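Here the structure is laid out as structure tokens; the discussion comes afterwards.
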Ligand SMILES: Nc1nc2c(ncn2[C@@H]2O[C@H](COP(=O)(O)OP(=O)(O)OP(=O)(O)O)[C@@H](O)[C@H]2O)c(=O)[nH]1
Ligand SMILES: [Mg+2]
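Residue numbers (the working numbering): 7 to 457.
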């Protein structure tokens, strides 16, 4: 089985917050101690972190689940629960995460880039936090908040300085193995290369660049023919392209025609690919009699017409001709690519390598009418306000009521058309709503009408 996987699903479950504790101080000489239940610890976050040590999404294929550690529960004597450990999930540089609906949430293009894929739940407050002048001995505490949980689609688009584009069997893999330490399979048949390979070229003491060997493209690749389609994505981030055409093709497709088809496929897949700097290189020069070698362009003429119109069959000219067998043209190619890559790199804004991309947190709440005389309040702040270990005591009910009023849930319910006696659901809690006085009937059940 191939080790290269460029699409996978990931399930993230951040740690739950620990529950706050309900406890009362006990001291030999104090008759009635105050509340001293500590807070729960925060749940661990889950981060995606881009690394160059990984080049495939394979690890997610069979094991898609990644979880942060839960926070510890609070204890007596104001002991706070332990914070859950964050989890850092390594992904290859070039990984994007999408929501199930396709929206791109992050794109980690530099080593060290990190993204908060799941935020850990807040720890619940212990009863010590609820002490107030009119609440001397609160017997309620908050539950921990659930950690964020979500499925993401991961997609990898390789990040390379140069991508090799060419028909099958024209010598792409031979070239990359000649100029870098990469050792892809080389054979005298088309579609030898079934997955992209990256090689690092050391042009001189200061200049390194990466080259991607992409499986061969054929006419129609942009529409899904051959293998090219699934791999065209890996060309999209290359700074520069090498269009490799075979000068004496065994397939019989003349170099100018190969060039025309390749340019066409690139344009159809993503038109701005033609705006990338590119070198057109003729391969296997050793197979052509010296007198029959095509004329090459002058070295300064990198800047092509973005439409690719230089490909008119009559005046097709490669920029360079090479032979991976004899070494002809190889140093020139390495040097010209180094120049191209350096020029493009300096034109780019500097990447600091530690961009932190946060998912905007959904705050607030919304009220939804879910049936006749029945409403649901959805949203973190509202759910937090009712997530207590026990809402059956008067003081807990008072607290919840006060919270719901102060964050505006009461007003929003009235505005949504709620009337006395209607049922309202928030999180796990259901209660009967009265304009001035909700009656809690859920979690755990209590049918007490207050006041
Ligand atoms: N004579 C000669 N043969 C070459 C040269 N470069 C590659 N070849 C041969 O051409 C054949 C195809 O080479 P590969 O490097 O596998 O070609 P490829 O473009 O990677 O092919 P796919 O992976 O199938 O797309 C092999 O038999 C190579 O030995 C060259 O410069 N001169
Ligand atoms: Mg190959």
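Every residue gets a Cβ at the ideal spot worked out from N, C-alpha and C, and that includes glycine.
All values derive from a computational prediction rather than experimental measurement.
For this session: Take residue 319 and list the residues in its own chain whose beta-carbon comes closer than 6 Å to its own, dropping the five residues that flank it on each side.
Result: For residue 319, the predicted model reports a pLDDT of 44, less than 50, meaning its position is unreliable and no value from the coordinates is stated.
Exercise. Tell me which same chain residues have a C-beta within less than 6 Å of the C-beta of residue 20, skipping the five on either side of it?
Worked result: Only 49, 51, 52, 74, 124, 125, 126, 153, 154 meet the Cβ criterion.
Exercise. Cα separation between residue 383 and residue 372?
Worked result: Whole-angstrom Cα-Cα distance: 6 Å.
Exercise. Okay, do the segment 375 to 391 and the segment 409 to 424 touch, 3+ Cβ pairs below 8 Å being the bar?
Worked result: Result yes; three or more Cβ-Cβ pairs closer than 8 Å.
Exercise. How far does the alpha helix (DSSP H) with residue 410 in it reach, from first residue to last?
Worked result: Per DSSP, residue 410 belongs to the alpha helix (DSSP H) from 400 to 412.
For this session: Note the first and the last residue of the continuous beta strand (DSSP E) segment covering residue 19.
Result: For residue 19, the enclosing beta strand (DSSP E) stretches over residues 13 to 19.
Exercise. CB-CB under 6 Å to residue 387, same chain, minus the five flanking residues each way: which ones, in chain order?
Worked result: So the list reads 371, 413, once near-sequence residues are dropped.
For this session: Give me the Cα-Cα distance between residue 299 and residue 291, rounded to the nearest whole angstrom.
Result: Roughly 7 Å between the two C-alpha positions.
Exercise. Are there three or more Cβ pairs, one per stretch, closer than 8 Å when the segment 213 to 229 is compared with the segment 184 to 194?
Worked result: With a cut-off of 8 Å, the segment 184 to 194 and the segment 213 to 229 count as touching, because enough Cβ pairs lie within range.
Exercise. Should residue 71 be flagged as near chain B, meaning a C-beta pair shorter than 8 Å?
Worked result: Given the protein chain composition of this structure (a single chain), no chain B is represented.
Exercise. Would you say the beta carbon of residue 300 comes nearer than 7 Å to a heavy atom of ligand 4?
Worked result: This structure lacks ligand 4; its bound ligands are ligand 1 and ligand 2.
Problem set entry | Counted within 10 angstroms of its Cβ, other Cβ atoms place residue 179 as buried (16 or more) or exposed | The residue is buried, with at least 16 neighbouring Cβ atoms inside 10 Å.
Exercise. Which whole-angstrom value is the C-beta distance of residue 149 and residue 25, which I expect to be below 8 Å?
Worked result: The pair is a contact, with the Cβ atoms about 5 Å apart (cut-off 8 Å).
Exercise. Is there contact here, the segment 82 to 97 with the segment 51 to 65, by at least three beta-carbon pairs under 8 Å?
Worked result: Two segments are said to touch when three or more pairs of C-beta atoms, one from each, lie closer than 8 Å; by this definition the segment 82 to 97 touches the segment 51 to 65.
Problem set entry | For residue 161, the three-state DSSP class (helix, strand or coil) | Looking at residue 161 - three-state DSSP - the assignment turns out to be strand.
For this session: State yes or no: is the C-beta of residue 257 nearer than 7 Å to some heavy atom of ligand 2?
Result: Not under cutoff, so the answer is no.
For this session: Would you mind giving the Cβ-Cβ distance between residue 254 and residue 287, rounded to the nearest angstrom? I have them listed as a contact below 8 Å.
Result: Taking the Cβ atoms as the reference, residue 254 lies roughly 14 Å from residue 287, outside the contact range of under 8 Å.
Problem set entry | Cβ shell of residue 311 (< 7 Å), same chain only, five flanking positions each side left out | The pLDDT assigned to residue 311 is 46, lower than 50, so where the model puts this residue is not dependable; a value taken from the coordinates is nonetheless given after this. Result list for residue 311: empty, nothing under 7 Å.
Exercise. Does the pairing of the segment 197 to 208 with the segment 166 to 179 give three or more beta-carbon distances under 8 Å?
Worked result: With a cut-off of 8 Å, the segment 166 to 179 and the segment 197 to 208 count as touching, because enough Cβ pairs lie within range.
Problem set entry | Environment of ligand 1 in chain order, Cβ to heavy atom below 6 Å | In chain order, the residues that have a beta carbon nearer than 6 Å to some heavy atom of ligand 1 are 172, 174, 175, 176, 177, 178, 179, 180, 192, 193, 194, 196, 197, 198, 199, 221, 222, 289, 290, 292, 293, 329, 330, 331.
Exercise. Got a sec, what are the start and stop residues for the alpha helix (DSSP H) residue 180 sits in?
Worked result: Following the DSSP letters along the chain, one finds residue 180 inside the alpha helix (DSSP H) bounded by residues 178 to 185.
Exercise. DSSP beta-bridge partners for residue 214?
Worked result: In DSSP, residue 214 forms a bridge with 208.
For this session: Just grab the DSSP bridge partners of residue 296 for me.
Result: Within the DSSP secondary-structure output, residue 296 pairs in no beta bridge.
For this session: Report yes if the C-beta distance between residue 237 and residue 202 is below 8 Å; otherwise report no.
Result: Yes, these two residues count as a Cβ contact at 8 Å.
Problem set entry | Test item: CB-CB of residue 162 and residue 100 under 8 Å | Yes.
Exercise. Is there at least one non-hydrogen atom of ligand 2 closer than 7 Å to the beta-carbon of residue 202?
Worked result: Relative to ligand 2, residue 202 has its C-beta separated by 7 Å or more from all heavy atoms.
Problem set entry | Neighbour-count burial assignment, residue 276, 16 or more Cβ in a 10 Å radius | Exposed is the call here.
For this session: Look at the Cβ atom of residue 15, then the Cβ atom of residue 157, and state whether they are nearer than 8 Å.
Result: Taking 8 Å as the Cβ cut-off, residue 15 and residue 157 qualify as a contacting pair.
Problem set entry | Endpoints, the beta strand (DSSP E) within which residue 432 is located | For residue 432, the enclosing beta strand (DSSP E) covers residues 428 to 432.
Exercise. For residue 271, does the count of other Cβ atoms within 10 angstroms reach 16, so buried, or fall short, so exposed?
Worked result: By the neighbour-count rule (16 or more Cβ atoms within 10 Å), residue 271 is buried.
Problem set entry | Sequence-distant residues of the same chain with beta carbon closer than 7 Å to residue 90, five excluded per side | So the list reads 21, 47, 48, 49, 50, 74, 75, 76, 77, 126, once near-sequence residues are dropped.
For this session: Taking residue 136 as the reference, give the member of 429, 258, 166, 402 with the closest Cα.
Result: Of 429, 258, 166, 402, the residue nearest in Cα terms is 402.
Exercise. Quick one: is the Cβ of residue 190 within less than 7 Å of any heavy atom of ligand 2?
Worked result: Under cutoff, so the answer is yes.
Problem set entry | Residue of 141, 139, 167, 82 minimising C-alpha distance to residue 116 | Closest option to residue 116, Cα to Cα, is 167.
Exercise. Distance, Cα to Cα, residue 335 vs residue 11?
Worked result: Each residue's alpha carbon lies about 34 Å from the other.
Exercise. For residue 381, which three-state DSSP category applies?
Worked result: Looking at residue 381 - three-state DSSP - the assignment turns out to be strand.
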